[in-house]
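> Protein chains in written order, with this note's numbering: chain A, 898 to 1007; chain B, 2 to 117.
To start, I am sharing the structure in question, which I have written as structure tokens.
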Amino acid sequence: RKEVEQDPGPFNVPEGATVAFNCTYSNSASQSFFWYRQDCRKEPKLLMSVYSSGNEDGRFTAQLNRASQYISLLIRDSKLSDSATYLCVVIMQGAQKLVFGQGTRLTINP
Amino acid sequence: DGGITQSPKYLFRKEGQNVTLSCEQNLNHDAMYWYRQDPGQGLRLIYYSQIVNDFQKGDIAEGYSVSREKKESFPLTVTSAQKNPTAFYLCASNDPSRRGGGQPQHFGDGTRLSIL
């Protein structure tokens, strides 16, 4: 089983829709969680950290479910510019390495 | 502005040749990382360094070598032993000592390596 798993998609949704995707992790000792955004042929950029209590940044909401070992990303009122690949990232307690999911490709259609 | 600079942006390797990818950061970060990304795949860790003059193998270190002689620089050499080097190579850095660790990484804009 992979350490971090994501549904690769692609997800195709109309502009203005709400879209959500999950990421599961296998190691219960995982400590820190992040969502990165990667545009085509570009480097990943940090979108948001994921906190235990859940957190929101504008149209984006991230949640963590430790019992079921998954994190989620919700995008409301999606824009064309949200089209990208979203990478789930996990750091295990005491470790320096980040473990990346394979990414979920999202396309917002006009 | 602080950041991570990778060069070159595109690189072509002949068979049997070693090539070196440059990564420089002026963020004063202690830790630096090299990843490889293949089309439609996530990032896989090649090597990482938590401090000058020290580095550790990642998940796919075979066929690669690194050095960390300066805090700002972490060059990656793709050797002739790496039989499938065509990929997008990303360098990253962070400061693990802040807030007890678990800090996100900042990435350079990558180098695309292809075989001639």
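We put the CB at the ideal spot given by N, CA and C, even for glycine.
The structure displayed is predicted, hence computed values, not measured ones.
1. In this structure, does DSSP put A:S978 in helix, strand or coil?
2. DSSP has B:N54 in a bridge; who is on the other side?
3. Would you please verify whether the beta carbon of A:W995 is less than 8 Å from any beta carbon of chain B?
4. When the distance is taken between beta carbons, is B:G4 closer than 8 Å to B:L1?
5. Would you mind sorting A:R956 into buried or exposed? The rule is 16 or more other CB atoms within 10 Å of its CB.
6. What first and last residue would you give for the beta strand (DSSP E) that runs through A:E902?
7. Suppose contacts are defined by Cβ-Cβ distances below 8 Å. Is B:V67 in contact with B:R14 by that definition?
8. Can you list the residues of chain A that B:S106 reaches, using a CB-CB cut of under 7 Å?
9. In angstroms, rounded to a whole number, what distance separates the CA positions of B:G1 and A:K939?
10. Kindly indicate which residue of B:Q18, B:Q106 and B:E25 has the alpha-carbon position closest to the one of B:Y65.
11. Taking only beta-carbon positions, decide if B:L44 is within less than 8 Å of chain A.
12. How about B:G59 and B:Y48: are their beta carbons less than 8 Å apart?
13. Return the chain-ordered list of same chain residues with a C-beta closer than 6 Å to the C-beta of A:K942, the five sequence neighbours on each side being excluded.
14. Decide if B:S115 is buried, meaning its Cβ has at least 16 other Cβ atoms within 10 Å, or exposed.
15. I think A:F918 touches A:L970, with their Cβ atoms under 8 Å apart; what is that distance to the nearest whole Å?
16. Please tell me whether, using a cut-off of 7 Å, the distance from the CB of B:V79 to the nearest non-hydrogen atom of the ligand MG is below it.
17. Report yes or no: is there a C-beta of chain B within less than 8 Å of the C-beta of A:F1064?
18. Rounded to whole angstroms, what is the Cα-Cα separation between B:V20 and B:R37?
19. At what residues does the beta strand (DSSP E) containing A:R1008 begin and finish?
20. Spell out whether any CB of chain B is found under 8 Å from the CB atom of A:L943.
21. For the structure I just gave you, are there three or more beta carbon pairs, one from the stretch 973-990 of chain A and one from the stretch 81-93 of chain B, closer than 8 Å?
22. State the start and end residues of the unbroken beta strand (DSSP E) segment that holds B:S94.
So, from the listed chains and residues:
1. If DSSP states are grouped into helix, strand and coil, A:S978 belongs with the helices.
2. DSSP output for B:N54 lists no bridge partner at all.
3. Going by the sequence as given, residue 995 of chain A is Leu instead of Trp. Closer than 8 Å to some Cβ of chain B, the Cβ of A:L995 qualifies, so yes.
4. Not covered by the structure: residue 1 of chain B. The range shown for chain B is 2 to 117.
5. exposed
6. V901 to Q903
7. no
8. Inspection of the sequence shows that residue 106 of chain B is occupied by Gln rather than by Ser. Simply L995.
9. The structure shown does not extend to residue 1 of chain B, since chain B spans only 2 to 117, so no value can be given for it.
10. B:Q18
11. yes
12. yes
13. The residues are R934.
14. exposed
15. 6 Å
16. Here there are no bound small molecules, and the ligand MG is not part of this structure.
17. For residue 1064 of chain A there is no data in the structure shown, the boundaries of chain A being 898 and 1007.
18. One alpha carbon belongs to B:V20, the other to B:R37, and they sit about 15 Å apart.
19. Missing from the structure shown is residue 1008 of chain A; chain A here goes from 898 to 1007 and no further.
20. Yes, A:L943 counts as interfacial toward chain B.
21. no
22. A88 to N95
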